[in-house]
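Scroll down for the structure; my scribbles are underneath it.
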Amino acid sequence: MTNRKVLGTSLGFIAIFIAIGFVLFWFRQVNLVALPQDTTLFVVAFIAVAVLGIATFIVGTRWFGGIPAVGAIIVGAFMTGTIYISPQKVADNPVKVGDVIPQFVALNDDGERFNSGDLMGKPTLIKFFRGHW
Amino acid sequence: MLTISTDLPEVIKKRRGVHGLKATMLSDRDLIVIDAFGLRNQLMHSGPSGEGEAEVLPVPTTMLVDANGKVLWIEHADSYQWRSGPEVVLAAIKSHLDSTGAR
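Set out below in structure tokens:
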């Protein structure tokens, strides 16, 4: 009985350490703009820590092993969820290489109208982004 | 360099103080420009929701356009967590602009 609780408590701590490690690794790669396009490794890791967290309770744990186990379940489920909802798909007819970009008018951050005609005459790097930074 | 997002002009202005980018930054809350380029995300919305937030976001996209407005290079993100890395963008600029003699 006691040995089982030692094992369970240990699982809880192992789960949270792996969870923290992979979250730090994830955000480091995000910061470096170096996340791999194939995130299977991360998905496997985040599911694994959630499973370890659940296993902690199945095996049985002291109360102080339950806290990291719950943390690991939350982190693992949340990160798996954000990866699950992350795929992106453009419309059926996006601008392609060789196309001339459509003309447009939009407001800049001073509230002034910007006309795409102003881009002519020199090459431009255009970035569409999700905002909030 | 030009950026387009669904952020409102005042939000872009506020954030500019944080990142200090010198680019022309445009607001496209109604996705008019984003739709003209065909870049509205067709899959699940994964941005913040609620009052004052855009309901749909563009697929993060980087493109290089020549002096006549022709697209030389374009890259879409398959996942909102993924971006064209700086080395990829710089390589695209180098290969497309240097080879045509443009600057």
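Read top to bottom, the protein sequences are chains V and Y. For the first sequence, the residue numbers in our numbering are 1 to 133. For the second sequence, the residue numbers in our numbering are 1 to 103. Don't be surprised by glycine CBs; every beta carbon is placed ideally from N, CA and C. Model, not experiment: these values are computed from the prediction.
List the residues of chain Y that residue i touches, going by C-beta distances under 7 angstroms, in chain order.
i: V/Val134; result: With chain V covering only 1 through 133, there is no way to say anything about residue 134 of chain V.
i: V/Gly111; result: Pro9
Chain V partners of residue i, CB-CB under 7 angstroms?
i: Y/Val33; result: Phe104 and Ala106
i: Y/Ser95; result: Within 7 angstroms Cβ-Cβ: nothing; Y/Ser95 doesn't reach chain V, min ~13 angstroms.
i: Y/Gly85; result: Val33 and Ala34
Using a C-beta to C-beta distance shorter than 8 angstroms, which residues of chain V count as neighbours of residue i?
i: Y/Gly38; result: Val90, Ala91, Asp92, Asn93, Pro94 and Val95
i: Y/Val59; result: Gln88, Lys89, Val90 and Phe128
Starting from residue i, follow the alpha helix (DSSP H) in both directions and report where the run begins and ends.
i: V/Arg28; result: Thr2 to Asn31
i: Y/Met44; result: Looking at the DSSP string, Y/Met44 is not in any alpha helix (DSSP H), and its letter there is neither H nor E.
i: Y/Leu8; result: Where Y/Leu8 is concerned, there is no enclosing alpha helix (DSSP H), given that its DSSP letter is neither H nor E.
i: V/Phe42; result: Thr40 to Val59
i: V/Ala101; result: Rather than Ala, the amino acid found at residue 101 of chain V in this sequence is Ile. Careful: V/Ile101 lies outside any alpha helix (DSSP H) and carries neither H nor E.
Taking the alpha-carbon of residue i as reference, which of the options has the nearest alpha-carbon?
i: Y/Pro22; options: V/Val90, V/Asn108 and V/Met79; result: The sequence given here places Lys at residue 22 of chain Y; Pro does not occur at that position. Considering only alpha carbons, the answer is V/Asn108.
i: Y/Glu55; options: Y/Leu31, Y/Lys13 and Y/Glu10; result: Y/Leu31
i: V/Asp145; options: Y/Gln42, Y/Ile12 and Y/Asp66; result: Here chain V has residues from 1 to 133 only, and residue 145 of chain V is not among them.
i: V/Pro94; options: Y/Met1, Y/Ile34, Y/Leu8 and Y/Ile12; result: Y/Ile34
i: Y/Lys94; options: V/Asp118, V/Leu125 and V/Ala69; result: V/Leu125
i: V/Gly12; options: V/Gly21, V/Ser86 and V/Ile73; result: V/Ile73
i: Y/Arg29; options: Y/Lys70, Y/Asp78 and Y/Ser5; result: Y/Ser5
i: Y/Ala92; options: Y/Asp78, Y/Trp73 and Y/Arg83; result: Y/Trp73
i: Y/Glu71; options: V/Phe22, V/Ala69 and V/Leu119; result: Looking at the sequence itself, residue 71 of chain Y is Val, so the reference to Glu does not match. The candidate whose alpha carbon is nearest that of Y/Val71 is V/Leu119.
For residue i, report the span of its beta strand (DSSP E) as first-last.
i: V/Arg113; result: Arg113 to Asn115
i: Y/Trp82; result: First-last for Y/Trp82: undefined, no H or E at that position.
i: V/Ala69; result: Premise fails: V/Ala69 lies in the alpha helix (DSSP H), Trp63 to Tyr84, not in any beta strand (DSSP E).
i: V/Lys127; result: Thr124 to Phe128
i: V/Ala153; result: The first residue shown for chain V is 1 and the last is 133, placing residue 153 of chain V beyond what the model contains.
i: Y/Val65; result: Thr61 to Val65
i: Y/Thr3; result: Leu2 to Ser5
i: Y/Thr24; result: Thr24 to Ser27
Just the chain Y side, please: which residues come within less than 9 angstroms of residue i by C-beta, in chain order?
i: V/Ile85; result: Leu43, Met44, His45, Ser46 and Tyr80
Residues of chain Y with CB under 8 angstroms from residue i, in chain order?
i: V/Val100; result: Asn68, Gly69, Lys70 and Val71
i: V/Phe114; result: Thr24 and Leu26
Name the chain V residues that come within less than 9 angstroms of residue i, Cβ to Cβ?
i: Y/Ser49; result: Those within 9 angstroms of Y/Ser49 in chain V number zero; the least Cβ separation is about 12 angstroms.
i: Y/Leu90; result: Neighbours of Y/Leu90 on chain V: none; closest Cβ ~10 angstroms, over 9 angstroms.
key: the region 42-55 of chain Y in contact with the region 2-9 of chain V per 3-pair CB rule at 8 angstroms   = no
key: Selection of the region 116-130 of chain V by Cβ proximity to chain Y, strictly under 7 angstroms   = Leu119, Met120, Gly121, Lys122, Pro123, Thr124, Leu125, Ile126, Lys127, Phe128, Phe129 and Arg130
query = Given 8 angstroms as the limit, is there contact between the region 114-129 of chain V and the region 52-66 of chain Y, that is, 3 or more CB pairs closer than that?
reply = yes
ask   = Closer than 9 angstroms, Cβ to any Cβ of chain Y: which residues of the region 34-45 of chain V, in chain order?
value = Ala34, Leu35, Pro36, Gln37 and Thr39
message = Does the structure place the region 69-85 of chain V close enough to the region 32-51 of chain V that three or more beta carbon pairs sit under 8 angstroms?
response = yes
ask   = Is it true that the region 55-67 of chain V meets the region 21-39 of chain V, where meeting means three or more beta-carbon pairs spaced less than 8 angstroms apart?
value = no
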